[in-house]
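Structure first, then comments.
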Ligand SMILES: [Cu+2]
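Residue numbers (this note's numbering), protein chains in the order written: chain A, 1442 to 1841; chain B, 1131 to 1602.
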């Protein structure tokens, strides 16, 4: 595959992507180009890809990712899903019965899509871990200032041991929290690096953005979901392909015109979805051979089952997504501003000598706790968003 | 009754003066029109327009309630109501008071006057008025439940009695008393002597004020009514320095100051530059044989004192409660002492965490009186006031007695800062220390000196102020 994909360009591009703080898009691109799972998929199809006839018909991810610079995450995955789908359905389109190969390919597709989701999640976790570690450092800085002042207070005879020790205990707690935060960050970076196929040196120098992206101004709407779903939900398309394949094998020549499964979303109230499945109608009289007929029925049942699971999966995914969005917005628009107002008032009270510097620093630590909670809410949102994207793609066979 | 009630409802909506004009004459005839004052400034003394003559008092940052004579009876109308009171420019509080202000107006009568006081309740709960210190029929004493039913909201009660003895009195509710007094309901009462009284001197200036305390969280406006001891606003007539007007007197005036204490603690009131006599207490004028010169008079909870002095020293003389935290505005009781604790090198770190932070207190707290830093809204700095020589750094129960040679009789206008004669102001020493001649014959024969003085070891004594904390 590398020979086909002009590896030197690829390596240069990856090197360039790693010099700047790695955004989510770039993480996905590196994973596409470099992840072992992706390479395995492409290697397995190398013979087909090497065929000139195929090259024009199958979108080759490593050829194409450079053209996707300005695209959004959804697009890159949709595009990937099409690519994978093309690979998966190639046998049908070529009218070649290759069911055993198809099963293996389905597993590969699952691996790749799962990995894409894992990359998104891991990137979110790594960025959030870095952000939380930096805030843990701020908490420690505040606690250190308190502790240092307390030591000086005791030396000047203004504090007793109890008060000094109390301030020092805040510092000790803050240091412990920072140790944990640093370990979380390290683990999260390693996890991301593994998924991107980076080596130890690359992970060490890996730069990440200082914070998670801003929340979108509006959540992904139900109609958006409907559009994305009908275009990409892989498990449904796969089940549909199987049904068509079974129908073809059975000899229903007109089946192509009959078996277009209608995948549509019916929005129920605000958050519910139902995938509507219109199974092709066929004349039972045409079904003559028992074994083929059973196979066809099995494919139809699988398609039906897949649609049920897809509906449920989407409901769960979109529900989780919306809750996470609402909560993250609540943190951003209510909790953080409230805490900020409290801190501003606390400073005014300090100015008026209505409270002391230790309360001021304690308030600063509490404010950081609120900010960390907001980062965590934002992190939950972006994780839910990654899961929702996975739902739209329909990670076949993936448990959540 | 209905029309009267509507009158008060209307009055509360539009302000008394405007509403009064629209009220039927019949209603006015029945009840004296309530006089409402909305300014916290000291009003000139109210010369009596009817009844026996007397020399009226000046209520510090307050006023005297006009009356009407009705067949020989002095009729007053007090309206108990929610008010807004400015403690000093920049700080207004939601209080309860009388006739637009807290404290209520001073009532001035003459010994032997028959007095009828209409009390209209515009508060959301019952109230009553207790005429603190008066000789009167038991049923006029104003103790809810014990001597009368409470005055319901919207109703008017009548109190009537003869002001039997001359002296200094107060009035305040005796219904839900803790809450209503914590909200500022109180007023002054002066009964002037009918005839020349051997123990009551004629004075040129006669001031009066009530000591009151509140707990108003900085940034808020309503007193915390459940506070028992930890008050943060220590006021004279619901004013705090620098909002308290000076006591302006003419040089060689004989001055009387009447003070009543309706706070929950005692206040040692201290006058600079003069000695005074305590000429009256709760029970009336003191016998001359009991009078001694003082510069500080402690006034216990619920007590009244009248002090008199001859203003024979020109100048600006501080006049204040001697509890130093009572001459402060709202302050934090748990602020740690930072004296001697270097903070400058940590300021950058702290500023990174708390933008706008500034190190304070390393050299004491005087910097507080000169720094102008943003504070919670509707709050006064703990220490404030500008004098001719810089920041005064005071608050609360602090004012100035201004004695001036050029001040006109009956002129209470602030003459400005005192212009000290040359050479009479403390100045910075810039010369060298004068040599001191030492006595070397100390000890005598009973305790002979063991060694020559010039070889005596230097000793250092560390003085530590006693530290303790109890209620205020
Ligand atoms: Cu005091």
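Where a beta carbon is used, it is the ideal one built from N, C-alpha and C, also for glycine.
Within chain A, the residues placing a beta-carbon under 7 Å from that of residue 1484 of chain B are 1788, 1801 and 1805, ordered along the chain. Contact between the region 1362 to 1374 of chain B and the region 1325 to 1340 of chain B is present: three or more C-beta pairs spanning the two stretches fall below 8 Å. Relative to residue 1460 of chain A, the option among A:1642, A:1762 and A:1831 whose CA is nearest is A:1642. Going by DSSP, residue 1435 of chain B is part of the beta strand (DSSP E) stretching over 1434 to 1440.
Counting the other CB atoms within 10 Å of its CB gives residue 1326 of chain B a total below 16, which places it among the exposed residues. Any Cβ of chain B closer than 8 Å to the Cβ of residue 1594 of chain A would place that residue at the interface, and such an atom is present.
Within the DSSP bridge table, the entry for residue 1343 of chain B names B:1364 as partners. In this structure, the C-beta of residue 1400 of chain B stays at least 7 Å away from each heavy atom of ligand 1.
Annotated three-state conformation of residue 1656 of chain A is coil, per DSSP. Inter-residue distance for residue 1232 of chain B and residue 1800 of chain A is about 35 Å (C-alpha atoms, whole angstroms). Taking CB atoms only, residue 1579 of chain A has a neighbour in chain B less than 8 Å away. Contact check for residue 1566 of chain A against residue 1820 of chain A passes: the beta carbons are separated by less than 8 Å. Note that the C-beta distance between residue 1400 of chain B and residue 1456 of chain B is not below 8 Å. Look at residue 1338 of chain B: its beta carbon is at least 7 Å from all of the heavy atoms in ligand 1.
Rounded to whole angstroms, the gap between the alpha carbons of residue 1204 of chain B and residue 1178 of chain B is 11 Å. In this structure, the CA atom of residue 1807 of chain A is about 23 Å from the CA atom of residue 1467 of chain B. Between residue 1448 of chain B and residue 1381 of chain B a beta carbon distance of about 18 Å is seen, past the 8 Å cut, so the two are scored as non-contacting. Ranked by Cα distance from residue 1737 of chain A, the options A:1766, A:1683, A:1756 and A:1787 are led by A:1683. Across the region 1456 to 1475 of chain B, CB contacts with chain A closer than 8 Å involve 1460, 1461, 1462, 1464, 1465, 1466, 1467, 1468, 1469, 1470, 1471, 1472 and 1473, in sequence order along the chain. Residue pairing from DSSP places residue 1224 of chain B in a beta bridge opposite B:1214. The C-beta of residue 1761 of chain A comes no closer than 8 Å to any C-beta of chain B. Below the 8 Å Cβ cutoff, chain B contributes 1476 as neighbours of residue 1589 of chain A, in chain order.
By the Cβ-count criterion, residue 1634 of chain A is buried, with 16 or more other Cβ atoms from all chains shown falling within 10 Å of its own Cβ.
Remark: the C-beta of residue 1512 of chain B is outside contact range of ligand 1, defined as less than 7 Å to any heavy atom. Within the region 1280 to 1296 of chain B, no residue has a Cβ lying closer than 7 Å to any Cβ of chain A. Close to residue 1505 of chain B, with beta-carbon spacing below 9 Å, are these residues of chain A in chain order: 1789, 1790, 1792, 1793 and 1795. Using a Cβ-Cβ cut-off of 8 Å, residue 1610 of chain A does not count as an interface residue toward chain B, since no Cβ of chain B sits closer than that to its own.
Close partners of residue 1523 of chain B in chain A (Cβ separation under 7 Å) are lacking, with about 12 Å as the shortest Cβ gap.
Counting only Cβ-Cβ distances below 8 Å, residue 1219 of chain B has no contacts in chain A at all, with the closest Cβ about 16 Å away.
Taking the C-beta atoms as reference points, residue 1218 of chain B is found no nearer than 8 Å to residue 1257 of chain B. At least one heavy atom of ligand 1 sits closer than 7 Å to the Cβ of residue 1527 of chain B.
For the C-beta of residue 1509 of chain B, the chain A residues within less than 7 Å are, from N- to C-terminus, 1793. The three-state secondary structure of residue 1666 of chain A, taken from DSSP, is helix. Among the residues facing chain A, residue 1557 of chain B is not included, as its CB has no counterpart in that chain under 8 Å away.
Bounds of the alpha helix (DSSP H) holding residue 1787 of chain A are 1777 to 1792. By a beta-carbon distance limit of 8 Å, residue 1526 of chain B contacts residue 1365 of chain B. Their separation comes to about 7 Å.
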